[in-house]
Amino acid sequence: PDGQRMISGSWDEITRQWDVKTGKEITVGTPFKGHTSFITGLTLSFNQTLLASASWDNTIKLW
């Protein structure tokens with residue numbers, strides 16, 4: 075979103091943030107755990123203060 079971080083969600087049911095320059099996971103504030111199946115979609119709010127994740131478990135989580 076800001077060119078310095080990347081957000082991912084995957085089969086392991088966890089949403090994570092990554093430092094683009096180093097490729098390392100940002101552990102402050104993440105990972106976000108709560109889905110019971112793999113994550114199928116992610117989006118950030120316009121002001122980048124809210125993250126929504128969608129999952130195969132038919133839920134949407136707001137972080």
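Following my numbering, the numbering of the sequence shown begins with 75 at its first residue and continues without gaps. No residue lacks a Cβ here, since even glycine has one placed at the ideal position from N, Cα and C.
>> With H, G and I counted as helix, E and B as strand and the rest as coil, what does DSSP make of F106?
In response: Of the three classes helix, strand and coil, the one that applies to F106 here is strand, per DSSP.
> In its own chain, which residues sit with a C-beta less than 6 Å from the C-beta of G83, not counting the 5 before and 5 after it?
Replying inline: Beyond the five residues adjoining it in sequence on each side, G83 comes within less than 6 Å, by CB distance, of T89, I113, L116, S127 in the same chain, given in chain order.
> When DSSP builds the beta bridges, which residues end up paired with E99?
Replying inline: The secondary-structure analysis by DSSP pairs E99 across a beta bridge with W92.
>> Which of the three DSSP states is assigned to S129 in this structure?
In response: S129 falls in the strand class under three-state DSSP.
>> Suppose you measure from the CA of G97 to the CA of Q91; what does that come to, to the nearest Å?
In response: Between G97 and Q91, the C-alpha separation is close to 10 Å.
> What's the C-alpha gap between T133 and H109?
Replying inline: Spanning the two alpha carbons is a distance of roughly 7 Å.
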